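In the numbering used here, the protein residues as written are 104 to 358.
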């Protein structure tokens, strides 16, 4: 009976120890689980942070690549622009050199044009006196032009050459025009006829008076009525009322 009680007491002690051990083990497991959960949560948060930082790094890297491309493009553009600037500077240098040459030419050509105008004035003064107002106005315009700074030298030279060409053309054309002429002390309306420079004639409106410019005496000479028919024909040819044809007219007397 005593043995049985001892055995029972031993069994109770064993059960008690077993229960205490199981309880202690259960507490340790819970702590481990909780610690693991905390570690997992911390790891998850860390992973989120890593992912976020990685995304930011990728974004910055892409921006960096984009900026690098823009910089490369700007570098290429700058190289092209520098070439253009260099070419423009070279052109400016050429223009400056050309302008210097032009200035030299201008200094040389201006006196030449002045001499050409003076020569033309002398020529007109000695020439057959047709279209006196028109030719005098042209010469006055040339002289006035030479004093103007707003007209380029090239344009001045062109106008001088144009005036010379007009005078040259007078020598190979036929022309009829109206004008005033003093005859026997009276100013009358007459018709002038210029045949090149070889013959300069007039006829009064009523056809009663005919005349020829005498280049030697620098005066008008009356013509006989026998020239009236040919003179009328020549006037009609000059006015393009008749086709060109042979006419007989007197010539200016050569000096």
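C-beta: ideal position from N, C-alpha, C; glycine also.
Predicted, not measured: the structure shown is a model, and the values here were computed from it.
Shortest alpha-carbon distance to residue i belongs to which of the options?
| i | options | result |
| --- | --- | --- |
| residue 353 | 346, 266, 296 and 191 | 296 |
| residue 237 | 323, 344, 282 and 159 | 282 |
| residue 344 | 185, 323, 216 and 279 | 279 |
| residue 293 | 233, 272, 259 and 251 | 233 |
| residue 246 | 222, 217, 285 and 264 | 217 |
| residue 355 | 333, 314, 260 and 259 | 314 |
Return the CA-CA distance between residue i and residue j, expressed in angstroms with no decimal places.
| i | j | result |
| --- | --- | --- |
| residue 189 | residue 262 | 39 Å |
| residue 349 | residue 225 | 33 Å |
| residue 230 | residue 191 | 54 Å |
| residue 341 | residue 277 | 6 Å |
| residue 251 | residue 209 | 14 Å |
| residue 215 | residue 221 | 10 Å |
| residue 176 | residue 162 | 21 Å |
| residue 336 | residue 256 | 45 Å |
| residue 331 | residue 310 | 8 Å |
Tell me, which residues are paired with residue i by DSSP?
| i | result |
| --- | --- |
| residue 317 | 322 |
| residue 281 | 294 |
Exposed or buried, what is residue i when buried is set at 16 or more other beta-carbons lying within 10 Å of its beta-carbon?
| i | result |
| --- | --- |
| residue 180 | exposed |
| residue 306 | buried |
| residue 266 | buried |
| residue 346 | exposed |
| residue 338 | buried |
| residue 105 | For residue 105, the pLDDT reaches just 48, beneath the cut-off of 50, and the residue's location in the model is therefore unreliable, leaving the point undetermined. |
For residue i, is the beta carbon positioned less than 7 Å from some heavy atom of the ligand MN?
| i | result |
| --- | --- |
| residue 343 | You won't find the ligand MN in this model; it holds no ligand whatsoever. |
Quick one: is residue i near chain C, going by C-beta distance under 8 Å?
| i | result |
| --- | --- |
| residue 286 | As a matter of chain content, chain C is missing from the structure shown, which is built from one protein chain. |
Q. Which residue spans inside the stretch 210-272 form an unbroken beta strand (DSSP E) run of at least 3?
A. Correct list: empty.
Q: Please list the segments of the beta strand (DSSP E) lying wholly inside the stretch 139-183, counting only runs of 3 or more residues, in order along the chain.
A: If only complete runs of 3 or more residues are kept, the stretch 139-183 shows no beta strand (DSSP E) anywhere.
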